[in-house]
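Data first, discussion second: the structure below is written as structure tokens.
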Amino acid sequence: MSLSPRFIAVILAFLISLITTTFLAFVDGVSKGMLFVSAISSFISSFFLVLYAVDILVFREVNKMYRTIHKLKMKDFNMAPRKRLIRESNPLKTINDEIFVYVTKKQKEIDELKKLELFRREFLADVSHEFKTPIFAAQGFIHTLLDGAMEDENVRERFLRKAANNLDSLDVLVKDLLVLSQMETGDIKMNILPMDIRQLTISIFSRLEHIAKNRNVTLKVKPDDMPEVWIKADSDRIEQVMLNLIENAIKYGNEGGKVVVHFSEGKKYIEVEVRDNGPGIPHEHLNRIFERFYRIDKSRSKEIGGTGLGLAIVKHILNAHDTKIAVMSKPDKGTTFSFKLEKAYPHPVQEAKAEEVHSNP
Numbered sequence: 478m479s480l481s482p483r484f485i486a487v488i489l490a491f492l493i494s495l496i497t498t499t500f501l502a503f504v505d506g507v508s509k510g511m512l513f514v515s516a517i518s519s520f521i522s523s524f525f526l527v528l529y530a531v532d533i534l535v536f537r538e539v540n541k542m543y544r545t546i547h548k549l550k551m552k553d554f555n556m557a558p559r560k561r562l563i564r565e566s567n568p569l570k571t572i573n574d575e576i577f578v579y580v581t582k583k584q585k586e587i588d589e590l591k592k593l594e595l596f597r598r599e600f601l602a603d604v605s606h607e608f609k610t611p612i613f614a615a616q617g618f619i620h621t622l623l624d625g626a627m628e629d630e631n632v633r634e635r636f637l638r639k640a641a642n643n644l645d646s647l648d649v650l651v652k653d654l655l656v657l658s659q660m661e662t663g664d665i666k667m668n669i670l671p672m673d674i675r676q677l678t679i680s681i682f683s684r685l686e687h688i689a690k691n692r693n694v695t696l697k698v699k700p701d702d703m704p705e706v707w708i709k710a711d712s713d714r715i716e717q718v719m720l721n722l723i724e725n726a727i728k729y730g731n732e733g734g735k736v737v738v739h740f741s742e743g744k745k746y747i748e749v750e751v752r753d754n755g756p757g758i759p760h761e762h763l764n765r766i767f768e769r770f771y772r773i774d775k776s777r778s779k780e781i782g783g784t785g786l787g788l789a790i791v792k793h794i795l796n797a798h799d800t801k802i803a804v805m806s807k808p809d810k811g812t813t814f815s816f817k818l819e820k821a822y823p824h825p826v827q828e829a830k831a832e833e834v835h836s837n838p
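Counting from 478, one number per residue, gives the positions in the sequence shown under our numbering.
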């Protein structure tokens, strides 16, 4: 039903005129002509008075409030401006809806800012702790040497090596933070070229062979009938991804376990899976393992080493390749990290034929 100022004025004026005329009808000596004149005059006067009151004092002020709120919405949420206001609708309901939408979106922004503030605090605490550990350790060894232990050659060499190891860990941490920051700001550009990810995986296996032997972990690439797996990717960055995932699978899996890298070929994409049969990741941690410095078992993570930034870097590298990483894990059953990358071919002619087949199924 239309609730424009004129409609409201007509209804109220008619009711006022009807009530006035009804009362006058019970007065002695009032003729029908007088009743008619009274009805018309009361209707006209009431119409203009109500119209003025509703339109000037209510509708126009409400519409000003509506415009102000709508401008705030456009400014805060980058919304397209509306060409005109709908005066035929209920302005109070319209402004109530606008306020509700605005407040709801603002509340979401506030909640998001609170999350970011909590994340910032956690990040500052984590990065301070990560920096403090190697710095204090190196300081302790160096100050001990300066206080007199330098005279003992065996102590001197051992302490200098320990100080150097801690400074090396600090250097790795700073480099990882720099890479992560550059990935987030887009300063690092991906050099996408065809590459054989199976050959890369075998190369990484050979690099991590000593770690796997120490934990008696078997490394395997599957399936056996895919001697080459060509993808389009930045080889250096994908090497970081595979190295991190495979090394984590070896370190955090069970001793005497196995790590399998499995490739699945689709029409346009290659799916890569890195599996282990370790203790798995508890469900409550799955949504947070890609956060910076997040550790499931902090005591064990410290023993194994690492900066706590590996999975965060993996996530950003794959995002830069327009893909996402997924994780599935069951307690005592193992963990599987998976992602997809665009398929490529070692020779341009093969790629052209493949694209022709895909476009003409």
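Beta carbons are placed, not taken as given, at the ideal position from N, Cα and C, and that holds for glycine.
query: Simplified DSSP state of His762, which is helix, strand or coil; result: helix
query: Cβ neighbours of Leu501 in the same chain (closer than 8 Å, five flanking residues each side left out); result: Val507, Met511, Leu512 and Ser515
query: Ranges of the alpha helix (DSSP H) found wholly within the segment 622-683, counting only runs of at least 4; result: 630-662
query: As assigned by DSSP and simplified to three states, the class of Arg752; result: strand
query: Ser741 - DSSP class collapsed to helix/strand/coil; result: strand
query: Spatial neighbours of Leu655 in its chain, beta-carbon cut-off 7 Å, leaving aside the 5 residues before and after; result: none
query: Distance between Leu593 and Tyr771 (C-alpha atoms, nearest Å); result: 15 Å
query: Phe618, buried or exposed, once every other Cβ within 10 Å from all chains shown has been counted against 16; result: buried
query: Anticipated Cβ contact below 8 Å, Leu818 with Ile708, distance rounded; result: 4 Å
query: Sub-8 Å separation of Leu615 and Leu650 beta-carbons; result: Reading off the sequence shown, one finds Ala at residue 615, where the question assumed Leu. Cβ distance not < 8 Å, so Ala615 and Leu650 don't count as in contact.
query: Sheet register partners of Val736 (DSSP bridge); result: Leu696 and Asp753
query: The ligand ZN heavy atom lying under 7 Å from the CB of Lys592; result: Here there are no bound small molecules, and the ligand ZN is not part of this structure.
query: Per-residue burial, Tyr543 [other beta carbons within 10 Å of its own, 16 or more giving buried]; result: buried
query: Contacting residues, own chain, Cβ-Cβ under 7 Å from Met719 (five flanking each side not counted); result: Leu677, Thr678 and Ile681
query: Three-way DSSP call (helix, strand, coil) for Ser806 in this model; result: strand
query: First through last residue of the alpha helix (DSSP H) which encompasses Leu795; result: Gly787 to Ala797
query: DSSP bridge partner residues for Ala710 (one or two, in chain order); result: Leu670
query: Cβ separation of Ala726 and Asp753, assumed to be a contact under 8 Å, to the nearest whole Å; result: 4 Å
query: For Leu595, three-class secondary structure by DSSP; result: helix
query: Extent of the continuous alpha helix (DSSP H) run through Ser815; result: Here Ser815 belongs to no alpha helix (DSSP H); instead the beta strand (DSSP E) covers Gly811 to Glu819.
query: CB of Glu748 within 8 Å of CB of Ser741, strictly; result: yes
query: Inter-residue Cα distance where the pair is Gln584 and Leu590; result: 10 Å
query: CB of Ile669 within 8 Å of CB of Ala710, strictly; result: yes
query: Given Ala490 as reference, the closest of Phe524, Thr695 and Ala626 once Cα atoms are compared; result: Phe524
query: Residues of its chain near Leu657, where Cβ-Cβ distance is below 8 Å and the 5 sequence neighbours each way are ignored; result: Arg769, Leu786, Ala789, Ile790 and His793
query: Three-state class that DSSP yields for Tyr822 in the structure shown; result: coil
query: Alpha-carbon to alpha-carbon, Asp624 and Lys697; result: 52 Å
query: Pair within 8 Å by beta-carbon distance, Lys685 and Ile715; result: In the sequence under discussion, the amino acid at residue 685 is Leu, which differs from the Lys named in the question. No.
query: Span of the alpha helix (DSSP H) around Met511; result: Lys509 to Leu528
query: Helix, strand or coil at Tyr746 [DSSP, three-state]; result: strand
query: Three-state secondary structure assigned by DSSP to Glu538; result: helix
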